[in-house]
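Asker: Every position in the sequence shown, counted from 1, becomes a number in our numbering once 197 is added.
Below you'll find the structure I mean.
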Amino acid sequence: MGWLFAAIAGAAMSVQGVMNTRLSEKIGLYESNVYVQGTAFLLSFIALWIFGKGQFGQITQVNKGYLLGGALGLLITITVMLGMKALSPTLAVTTILIAQLIVAALIDGMGWMGTERTAFHWQQFAGLALLAGGLVLFKWK
Numbered sequence: 198m199g200w201l202f203a204a205i206a207g208a209a210m211s212v213q214g215v216m217n218t219r220l221s222e223k224i225g226l227y228e229s230n231v232y233v234q235g236t237a238f239l240l241s242f243i244a245l246w247i248f249g250k251g252q253f254g255q256i257t258q259v260n261k262g263y264l265l266g267g268a269l270g271l272l273i274t275i276t277v278m279l280g281m282k283a284l285s286p287t288l289a290v291t292t293i294l295i296a297q298l299i300v301a302a303l304i305d306g307m308g309w310m311g312t313e314r315t316a317f318h319w320q321q322f323a324g325l326a327l328l329a330g331g332l333v334l335f336k337w338k
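Written out as structure tokens, the structure is:
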């Protein structure tokens, strides 16, 4: 199921990035961000009300740094829109994927944020290099 959820997330992120960029061209960058984040907040609240079974009161027990995940939403939404506008959806998403993979590899490799430390071998580095090479080939005229 993890593969399916990840694929759905990737597809949704690509579509959302283009939608948000087109919205921002009409109403403005920060205005579209407020709309996008506000809609997400409202729908998240409804989902919490219907499906929530966790313990929201335990939020005070969480590492305070993890609470910045919501603030990253602003950075992510704004920079995706700016990247898609400046590049193209394909180039922007490929660049985003490379950055995500590098940061995820660092998190796994260093065991940051409570993850189990994962050893990286030449195959993982070759995979990152191939992805970066694909971006260069795609952009090459």
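Beta carbons are placed, not taken as given, at the ideal position from N, Cα and C, and that holds for glycine.
Quick check on S241: buried or exposed, where buried means 16 or more other Cβ atoms within 10 Å of its Cβ?
Answerer: Looking at its Cβ environment, which holds fewer than 16 other Cβ atoms inside 10 Å, S241 is exposed.
Asker: Where does L201 fall in DSSP's three states?
Answerer: Three-state DSSP puts L201 in a helix.
Asker: Could you check what DSSP says for L226 in three-state terms: helix, strand or coil?
Answerer: Three-state DSSP puts L226 in a helix.
Asker: Classify A289: buried if its beta carbon has 16 or more other beta carbons within 10 angstroms, exposed otherwise.
Answerer: Its Cβ being crowded by 16 or more others within 10 Å, A289 is buried.
Asker: For A323 versus I295, is the C-beta spacing smaller than 8 Å?
Answerer: No; because the gap between Cβ atoms is not below 8 Å, this pair is not in contact.
Asker: So for W246, helix, strand or coil by DSSP?
Answerer: DSSP places W246 in helix when its eight states are reduced to three.
Asker: What three-state label does DSSP hand A316 in the structure shown?
Answerer: It is coil, neither helix nor strand.
Asker: Please classify V277 as buried or exposed, where buried requires at least 16 other C-beta atoms within 10 Å of its C-beta.
Answerer: V277 should be labelled buried.
Asker: By how many angstroms is the C-alpha of Q252 removed from the C-alpha of W309?
Answerer: Each residue's Cα considered, the two are about 24 Å apart.
Asker: Beta carbon of Q321, beta carbon of A302: below 8 Å?
Answerer: For Q321 and A302, yes; Cβs fall inside 8 Å.
Asker: Should T291 go down as buried or exposed, given a rule of 16 or more other Cβ atoms within 10 Å for buried?
Answerer: Classification of T291: buried, given that the 10 Å Cβ count is 16 or more.
Asker: Between N217 and V233, how many whole angstroms is the CB-CB distance? I'm expecting something under 8 Å.
Answerer: About 6 Å; that satisfies the 8 Å criterion.
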